[in-house]
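Peer 1:
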Amino acid sequence: MKPPPFSYHRPATVTEAVTMLDELGPDAKILAGGQSLVPMLNMRLATPAHLIDINRLDELAYVRVEPEGVRVGALARHADVEHDAAAGRAIPLLAEALRSVAHPTIRNRGTTVGSIVHADPSGEMTAVLCLLDGEVTLVSRRGERTVPAQDFFVAPLTSAAEADELATSALFRRPTGAATGTAWMEVARRHGDYALCGVGAVVTLNEAGALTTVRTAYISMGPIPQTLDLTLEAIGSNGDWRAVGEAAAAQLEPEEDIHATARYRRQLAVVLTARACRLAAERAERARRAAPSHPTGGAGRTGSGVEGER
Ligand SMILES: Cc1cc2nc3c(=O)[nH]c(=O)nc-3n(C[C@H](O)[C@H](O)[C@H](O)COP(=O)(O)OP(=O)(O)OC[C@H]3O[C@@H](n4cnc5c(N)ncnc54)[C@H](O)[C@@H]3O)c2cc1C
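Residue numbers (the working numbering): 2 to 311.
1. Could you give the DSSP three-state label for His-119: helix, strand or coil?
2. Are the beta-carbon atoms of Val-114 and Ala-75 separated by less than 9 Å?
3. Applying the criterion that 16 or more other CB atoms from any shown protein chain within 10 Å of the CB defines a buried residue, is Asp-81 buried or exposed?
4. Compute the minimum distance between the beta carbon of Met-44 and the heavy atoms of ligand 1, and state whether it is under 8 Å.
5. Are Ala-282 and Leu-206 close, meaning C-beta to C-beta below 9 Å?
6. Please report the straight-line C-alpha distance between Gly-247 and Thr-106, rounded to a whole angstrom.
7. For Leu-154, which residues from the same chain have a beta carbon less than 7 Å from its beta carbon, with the 5 sequence-adjacent residues on both sides left out?
8. Skipping 5 residues on each side, what residues in its chain have a beta carbon closer than 6 Å to that of Arg-142?
9. Looking only at its chain, what residues have a beta carbon closer than 6 Å to the beta carbon of Glu-97, apart from the 5 residues adjacent to it on each side?
10. To the nearest whole angstrom, what separates the beta carbons of Val-204 and Leu-212, a pair I think is in contact under 8 Å?
11. I need the DSSP call for Arg-72, collapsed to helix, strand or coil.
12. Taking Pro-49 and Ala-29 to be in contact with their CB atoms under 8 Å, please state how far apart those CB atoms are, rounded to whole angstroms.
13. Which value, in whole angstroms, describes the spacing of the CA atoms of Asn-43 and Leu-94?
14. With 16 as the cutoff for other CB atoms within 10 Å, does Ile-53 come out buried or exposed?
15. Figure out for me which residue from Ile-220, Gly-237, Ala-209 has the closest Cα to the Cα of Cys-198.
16. With a threshold of 8 Å, establish whether the CB of His-51 neighbours any heavy atom of ligand 1.
17. Can you look up Arg-284 in the DSSP assignment and give me helix, strand or coil?
18. Going by C-alpha distance, which of Val-102, Arg-110, Cys-278 is nearest Leu-229?
19. Spatial neighbours of Asp-152 within its chain, please: CB distance less than 8 Å, with the 5 preceding and 5 following residues excluded, ordered by chain position.
20. Can you tell which of Ala-33, Gln-36, Pro-12, Arg-110 has its C-alpha closest to the C-alpha of Leu-25?
21. What residues match up with Phe-153 in a beta bridge as DSSP calls it?
22. Are there any heavy atoms of ligand 1 lying less than 8 Å away from the beta-carbon of Arg-100, as far as the coordinates show?
23. Can you tell me whether Gln-227 sits near ligand 1, meaning its C-beta is under 8 Å from at least one heavy atom of the ligand?
So, in structure tokens, the structure goes:
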């Protein structure tokens with residue numbers, strides 16, 4: 002299959018790209034890694050009159066650890082984020098989830114911000130952004146705005162980005178708390194395929210080791226990524242993570258498609274929620290014990306991740 006005809010534009014700066022988006026109108030589309038857009042063009046599922054290739058915008062090719070978390074520029078490839086050591090130390094969940102995104106060749110080209118704007122309900126980084134209370138920065142000729150993850154995903158393949166807006170970065174917030182653990186788990190028919198169900202978990206403990214927060218986020222379990230606060234269920238369950246998984250699945254409304262029945266997806270949600278929460282809790286406990294304030298803690302360890310496991 003070949004794409005329909007389009008005119009090709011290659012801006013050299015963000016300002017130029019935004020001007021082109023404005024002047025060419027809603028029939029223009031940004032081309033980032035092309036790993037979703039090009040197949041859609043070839044299958045004639047998208048027929049833009051203009052493609053604006055942002056691959057020359059080096060100013061957007063960064064992965065930066067900031068006080069609040071990890072900021073990913075629009076031209077950072079999935080692989081750049083996956084292999085960034087500082088980002089991995091700040092938020093280990095990024096690399097863990099990215100390892101389930103397609104295959105290395107696709108991660109070498111596809112961008113993390115592109116996958117977020119693409120808003121595929123099976124895209125891992127959409128749920129990770131929601132779970133970490135992230136946000137997306139959008140720029141147009143009208144100015145700049147920041148949209149929280151909870152408001153960014155509108156419908157399958159539809160985000161809050163307007164036709165004249167370029168997403169310049171996504172901020173993934175570092176989980177806070179005395180000790181935090183995270184985990185990503187999913188089931189796909191083959192490794193690298195889109196998941197039938199994927200779950201991210203963040204568990205936070207206080208200094209005494211008691212649960213303070215349990216949150217999860219899901220892909221392939223609805224039209225947009227689903228986020229759940231399971232703190233009360235987890236505290237009430239007394240360590241029975243299977244019961245927490247059942248409580249989570251009861252709140253989800255997965256759909257049936259050619260890959261799986263809704264019932265099977267719900268069952269996956271039970272099992273994966275239980276496993277992801279258990280693992281995140283174990284990691285949080287390990288981080289708590291390693292914290293400098295703990296009697297057995299080592300100096301310089303923080304409670305934010307899973308150092309030593311990566
Ligand atoms: C075989 C295969 C398997 C895959 N498996 C997975 C998977 O398991 N999980 C997963 O998450 N993804 C998967 N992907 C998709 C991959 O992650 C893509 O890289 C990603 O979805 C889109 O990123 P991109 O940079 O390639 O964007 P593009 O394909 O270039 O663009 C995608 C869409 O986003 C828009 N866009 C991109 N960047 C911007 C921007 N900065 N501002 C405004 N709009 C923008 C484009 O206009 C387009 O509409 C797979 C892809 C393939 C080909």
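No residue lacks a Cβ here, since even glycine has one placed at the ideal position from N, Cα and C.
Peer 2: So, to answer that:
1. DSSP places His-119 in helix when its eight states are reduced to three.
2. Cβ atoms of Val-114 and Ala-75: closer than 9 Å.
3. Burial is judged here by how many other beta carbons sit within 10 angstroms of a residue's own beta carbon; Asp-81 has at least 16 and is buried.
4. If you check the C-beta of Met-44 against ligand 1, you find no heavy atom less than 8 Å away.
5. It is a contact, given that the beta carbons lie within the stated cut-off.
6. Sequence check: residue 247 is Glu here, not Gly. In a straight line, the C-alpha of Glu-247 is about 36 Å away from that of Thr-106.
7. According to the sequence provided, residue 154 is Phe. The question's Leu does not apply to it. If we look at Phe-154 and ignore the five residues flanking it on each side, its Cβ neighbours are Ala-120, Thr-127, Ser-160, Ile-225, Pro-226.
8. If you ignore the 5 residues before and after Arg-142, its C-beta comes within less than 6 Å of the C-beta of Val-19, Asp-23, all in its own chain and listed in chain order.
9. So the list reads Trp-185, once near-sequence residues are dropped.
10. Contact holds; Cβ gap of about 7 Å.
11. Correct three-state label for Arg-72: strand.
12. Contact flag correct, Cβ pair sits at about 6 Å.
13. If you take the alpha carbons of Asn-43 and Leu-94, they lie about 33 Å apart.
14. Of the other Cβ atoms in all chains shown, 16 or more fall within 10 Å of the Cβ of Ile-53; this residue is therefore buried.
15. Of the candidates Ile-220, Gly-237, Ala-209, the one whose C-alpha sits nearest the C-alpha of Cys-198 is Ile-220.
16. Between ligand 1 and the CB of His-51, the shortest heavy atom gap is not smaller than 8 Å.
17. Secondary structure at Arg-284: helix, using DSSP grouped into helix, strand and coil.
18. With distances taken between Cα atoms, Leu-229 lies closest to Cys-278.
19. Within the same chain, Asp-152 has close Cβ partners Ala-161.
20. Considering only alpha carbons, the answer is Pro-12.
21. DSSP, once it has assigned bridges, lists no residue as partnering Phe-153.
22. Distances taken from the Cβ of Arg-100 to the heavy atoms of ligand 1 include none shorter than 8 Å.
23. Result no, Cβ not under 8 Å from ligand 1.
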